[in-house]
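2 protein chains.
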Amino acid sequence: MTKKNVITLKEIAKELGVSISTVSRALNDHPDISVETKEKVASLAKNLNYIPNLFAKGFRAHKTNIIGVIVPDIGHYFTSTVLKGIMREAEIHGYKVIVSESINNEKRQAEMLQTMIQFGVDGILLSLSRTTISVDSVLKTLENVPLLLFDKVSLKVPCTQVIIDDEEAAFSAVEHLIQTGKKRIAIIKETEDSYNSKMRYLGYLRALRTYNIEIDESIILSSENISMQNGKRLTNQLLSMKVKPDAIFAITDSAAIGAIKSLKRSKIKIPQQIAVVGFSNSNSSIVIEPKLTTIDQPGNKIGVVAAQYLIKEMNATTQLEPKTIVIKTNLIVRDSSFNPN
Amino acid sequence: MTKKNVITLKEIAKELGVSISTVSRALNDHPDISVETKEKVASLAKNLNYIPNLFAKGFRAHKTNIIGVIVPDIGHYFTSTVLKGIMREAEIHGYKVIVSESINNEKRQAEMLQTMIQFGVDGILLSLSRTTISVDSVLKTLENVPLLLFDKVSLKVPCTQVIIDDEEAAFSAVEHLIQTGKKRIAIIKETEDSYNSKMRYLGYLRALRTYNIEIDESIILSSENISMQNGKRLTNQLLSMKVKPDAIFAITDSAAIGAIKSLKRSKIKIPQQIAVVGFSNSNSSIVIEPKLTTIDQPGNKIGVVAAQYLIKEMNATTQLEPKTIVIKTNLIVRDSSFNPN
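Chains as they are written, first to last, in the numbering used here: chain A, 1 to 341; chain B, 1001 to 1341.
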């Protein structure tokens, strides 16, 4: 399956000093790319005897009807809902699905991409590992087989990407708190600043700015692992402050549940004294009392849409234009932030 | 990979009118099998030119270092903990893992076994789909590649099986309730009587009999789907009875959490008036208040042990004797059944 004599998009990009995405879009006659660039790319591609994916794909004699999926962590609740969606949609179209895990490790991710190609899967759905710094192995895979990114994505890969808008989702959560009268809203986020954490934090900041609420660094708390335990610990820290917050936005349900437990132990009235909002609508969000206001991430829908687009690309007679598809989230208001009684 | 001219264990068993397991054990010189039977099997195997797995395996030229896993439902919390264990152990030994789902469907399970064989996996870990009636496709797979069953198993397949003892686990849960002074213990179980539900019910019955507690049909309740919602509903039903139970054993944490919610709504003191015990030690079991007493199913350990044994079989120079390995569960006592205050 190695194609040593076949020129890649990457090589064309390097030669011309432009991005791979530019080369891809130039070859696909994208309106954003200038006529000049298009001509340069087309000319070099012809000279180097570049075979576009479309034809490369045609060479693949053996159709296996199998879709390969690689996720960072197979045990994650949200991931399992995405996998459900992928499997159901694949089933409808007569495809089987095999799943593998990168253990959030870039090297393992590259190995699994290689394995999937060796297996002859017809297409790959990939959610990037947290440690992905170089996307080289992903770009190489994209030369061999239709590939689509979902959830944890990178703009460096010129392919269709299915995501939720974390920033907008966080904005709506914090806006809801402001609209219920809260003025001093703490956030519990991640120290490491993964893509998701960063976007949620930006949404938090935008909401405060939009409503002219001063940003107070002392109530912006971080933890390496956003667990229930750390949610408790950081909330205890907030409760020890002279001027306490009147709301807590935690970027995971686990941390939000920890916050509620800490508040209850200190006999704080939720939501009257301090309201709490989480993120992800996990099973536990309706187990805790008061029930948790949270962001529903429609994992199932992400899976369905990702599988749909991949299958479309796998069966297309011409190469399709890469798209970014944003799946809408919903704020689910429950007793932890709004109690009409 | 089809071996039309190769005789199988199944054919020998059919010819002699004995079980496949008997043939397998006879060929492996198992002490339970009579000398007479061993001679009959050995003689027929020789006449029919039977090639044991061991040699068949030797013919497999291409080692892929991949283990295939098939589970009924990839989104199940317990399953994800087993997968974690499998992946970690495989990683240590230099194997990659691909996972697929049977969607609890026998036909899909057979297809996925076929797919795994086509892929050339070095070994397969299988948890049977709920609807498995015929194990023919599993037996056929076992002729081609080392295979091991875990969690949802069948005695009809002569291979190593890794299980937890559901009956014993349920016994210990109910025994604990009896030892804390409870005398009228209700059970919430499954209508359909899956293997797990049946075993847990048998453990419940054995505990009552062991302690001379009369079995009362009116507090043995079933539901098709053992959800939180149905746990609530069935508990409301128990609360409407003239003589209420003093404890509830639910065969899932979800149903147990539903029970706690219903009891709290009716201002019943937990555990003083009615104690509650669940099964599986899910994340939610420490979210609910009071925290739930439950059975910890060591999914991770099941995965580790299953992967260990499979790898051992894959690398054995002689065929190993099939074993049944029982992984111990632990009763985790929390506030829902025992409150020292």
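The beta-carbon is built from N, C-alpha and C at its ideal position, and this holds for glycine as well.
Note that the structure is predicted; figures quoted are calculated from it, not measured.
- Start-end ranges of the beta strand (DSSP E) lying completely within the stretch 1078-1131 of chain B, minimum 3 residues: Runs found: 1096-1101, 1123-1126.
- Opening and closing residue of the alpha helix (DSSP H) in which B/E1011 lies: 1009-1016
- Message: By the three-class DSSP mapping on this structure, what secondary structure does A/I187 have?
- Response: strand
- Message: Based on DSSP bridge pairs, tell me the residues matched to A/G68.
- Response: A/I98, A/I124
- Message: Which same chain residues end up closer than 6 Å to B/I1288 when comparing Cβ atoms and leaving out the 5 residues on each side of it in sequence?
- Response: I1257, I1260
- C-beta neighbour in chain B for A/E89, strict 9 Å: no
- Task: Classify B/D1296 as helix, strand or coil using the three-state DSSP reduction.
- Result: strand
- Task: At 3 residues or longer, and completely inside the stretch 1295-1339 of chain B: list those beta strand (DSSP E) runs for me, N to C.
- Result: 1324-1327, 1330-1332
- DSSP state of B/S1019 mapped onto helix, strand, coil: Correct three-state label for B/S1019: coil.
- Task: Grab me the residues of A/T132's own chain with a C-beta within less than 6 Å of its C-beta, minus the 5 sequence neighbours each way, in chain order.
- Result: E106
- What residues from chain B crowd round A/K354, counting only those whose CB sits closer than 7 Å? Limits of chain A in this structure are 1 at one end and 341 at the other, which puts residue 354 of chain A out of reach.
- Message: With three or more C-beta pairs closer than 8 Å as the rule, is the stretch 1085-1095 of chain B touching the stretch 33-44 of chain A?
- Response: no
- In chain A, which residues lie with their C-beta within 8 Å of the C-beta of B/G1075? S80, T81, L83, K84
- Query: From this set, A/E192, A/K63, A/P245, which residue's C-alpha is nearest A/G120's C-alpha?
  - Reply: A/K63
- Message: If contacts are defined as beta-carbon pairs under 8 Å, then B/V1145 and B/G1123 qualify, I think. What distance do you get, rounded to the angstrom?
- Response: 6 Å
- Could you round the C-beta distance between A/L148 and B/I1074 to whole angstroms and report it? I think they count as a contact, below 8 Å. Actually they do not touch by this definition, with Cβ atoms about 19 Å apart.
- Message: Is there a Cβ of chain A sitting closer than 9 Å to that of B/I1248, yes or no?
- Response: no
- At a Cβ threshold of 9 Å, is A/Q297 touching chain B? no
- Message: Under 9 Å, CB to CB, which of the residues in the stretch 91-116 of chain A have a partner in chain C?
- Response: The displayed structure is made up of protein chains A and B, and chain C is not among them.
- Query: Which bits of chain B does A/S284 rub up against, with CB to CB less than 8 Å?
  - Reply: N1283, S1284, V1287
- Alpha-carbon spacing of B/P1031 relative to B/T1317, whole angstroms: Computed Cα separation, rounded: 21 Å.
- Task: Residues of the stretch 117-130 of chain A with a CB closer than 9 Å to any CB of chain B: list them in chain order, please.
- Result: Result list: Q118, F119, G120.
- Keeping to the same chain, check which residues put their C-beta closer than 7 Å to that of B/A1306; ignore five residues upstream and five downstream. I1086, L1125, L1148, F1150, V1162
- Message: Strictly by DSSP, which residues pair up with A/Q179?
- Response: DSSP lists no beta-bridge partner residue for A/Q179.
- Message: Between which residues of its own chain and B/R1200 is the CB-CB distance below 6 Å, once the five residues before and five after are set aside?
- Response: Around B/R1200, the same chain offers D1166, A1170, I1251 as residues with beta carbons nearer than 6 Å, after the five sequence neighbours per side are excluded.
- Item | Proximal chain B residues relative to A/I66, where beta-carbon distance stays under 8 Å | From the beta-carbon of A/I66, the residues of chain B found nearer than 8 Å are T1115.
- Query: Is the Cβ of A/K264 closer than 9 Å to any Cβ of chain B?
  - Reply: yes
- Query: Under the DSSP definition of a beta bridge, which residues are partnered with B/V1277?
  - Reply: Looking at the DSSP output, B/V1277 sits in a beta bridge with B/F1249, B/T1293.
- Query: chain A partners of B/I1033, CB-CB under 8 Å?
  - Reply: The premise fails here: B/I1033 is roughly 39 Å from chain A at the closest Cβ pair, so nothing lies under 8 Å.
- Query: If B/I1204 sits next to B/I1187, beta carbons under 8 Å apart, how far is it from one beta carbon to the other, in whole angstroms?
  - Reply: Looking at the sequence shown, residue 1204 of chain B is not Ile but Tyr. That pair is a contact at about 5 Å.
- Task: Give every residue of the same chain whose Cβ lies closer than 6 Å to the Cβ of A/I248, excluding the five residues on either side of it in the sequence, and list them in chain order.
- Result: A186, A259, V276
- Note down, in chain order, each residue of its chain lying with its Cβ closer than 6 Å to the Cβ of A/L221, except the 5 sequence neighbours on either side. I188, L234
- Find the residues of chain B that neighbour A/I332, judging by a C-beta separation of less than 8 Å, and give them in chain order. Correct list: empty, because the minimum Cβ distance to chain B is about 16 Å.
- B/S1154 to A/K232 span [Cα, whole Å]: 45 Å
- For A/I270, decide whether its Cβ has a neighbour in chain B, counting only Cβ atoms nearer than 9 Å. no
- Query: Thinking C-alpha only, which one of B/E1321, B/Q1297, B/Q1237, B/S1284 is nearest B/I1219?
  - Reply: B/Q1237
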